[in-house]
Amino acid sequence: MSDEESFMLDQFIETWQINNRINLYLLEAIAPEALGGVSASGGRSVALQFAHLHNVRLMWVETAAPELLVPKIPTKTKADKEALTKALLHDALVQSGESIEHLLRQGFKSGRIKGFKPHPAAFLGYLLSHEGYHRGEIGIILTQAGTPLDDKISYGLWEWGVR
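Going from the sequence shown to the numbering used here is simple: count from 1 and add 1.
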C-alpha cells in the first residue's frame with residue numbers, strides 16, 4: 002500500500018469512527034424511558050432502531066468476513082425488546098463498529114467487500130447513508146413520542162469535527 006493509499010485508508014476509517022461516535026453521542030443523550038418511544042405511524046421503537054443498526058452491520062460482517070462476527074441483538078420477542086438497555090445498545094454498537102472498521106480495512110486493502118458492489122468506498126457510503134437515515138428516524142420518533150432531542154444534541158449530530 003502506497004503512502005497515499007494509506008493516507009486515504011486512514012481517512013476512510015476515521016470517517017467510520019466519527020459516524021459511530023455520533024451514534025453513541027445520540028444514544029447517550031436519550032433518556033432510558035424514551036427508548037420505548039414509537040413514531041405516530043408505528044414501526045420500530047428508538048431502542049429497536051439502534052438494535053437494527055447493530056444487526057445490519059453484522060449482516061454485512063457475516064457475509065463478508067464471518068471471522069469478525071460478534072453477537073447480534075435478539076429483537077423478536079417481547080422479552081428481547083424489554084432487554085434493550087442503553088448499556089446493551091452502547092456495547093453492541095461499539096463491538097459492531099469495531100467489526101465494521103476491520104471489515105473496511107480488509108476491503109480497502111483487497112479492493113472489495115464480499116457481497117457488495119461496486120467497491121469499498123461505496124460500501125462506506127452505504128453504511129453512512131443507512132445510519133444517518135436511522136438517526137433522523139430516531140429524532141422524529143422522539144419528537145412524536147413527546148421527548149424531543151434538545152437543540153444542543155440535534156446540532157451536535159452534525160459536528161463531525163469534534164466527535
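The beta-carbon is built from N, C-alpha and C at its ideal position, and this holds for glycine as well. None of the values given here were measured: they were computed from a predicted structure.
- A straight line joining the alpha-carbon of E102 with that of N20 spans about 11 Å.
- For V47, the uninterrupted alpha helix (DSSP H) run begins and ends at V47 to A65, by DSSP.
- Between the segment 95-109 and the segment 38-52, the count of C-beta pairs closer than 8 Å stays below three; the two stretches do not touch.
- Rounded to whole angstroms, the separation of the alpha carbons of D151 and L158 is 11 Å.
- Collapsing the DSSP output to three states places I114 in a strand.
- Ranked by Cα distance from E160, the options H120, M9 and R22 are led by R22.
- Spatial neighbours of G98 in its own chain (CB-CB distance under 6 Å, excluding positions within 5 residues in sequence) are listed in chain order as N21.
- The DSSP-derived three-state label of D151 is coil.
- Here the C-alpha atom of F13 lies approximately 10 Å from the C-alpha atom of S7.
- For R164, the three-state secondary structure derived from DSSP is coil.
- Counted as a single uninterrupted DSSP element, the alpha helix (DSSP H) harbouring P121 occupies residues P121 to Q145.
- The C-alpha of H120 is placed about 26 Å away from the C-alpha of R164.
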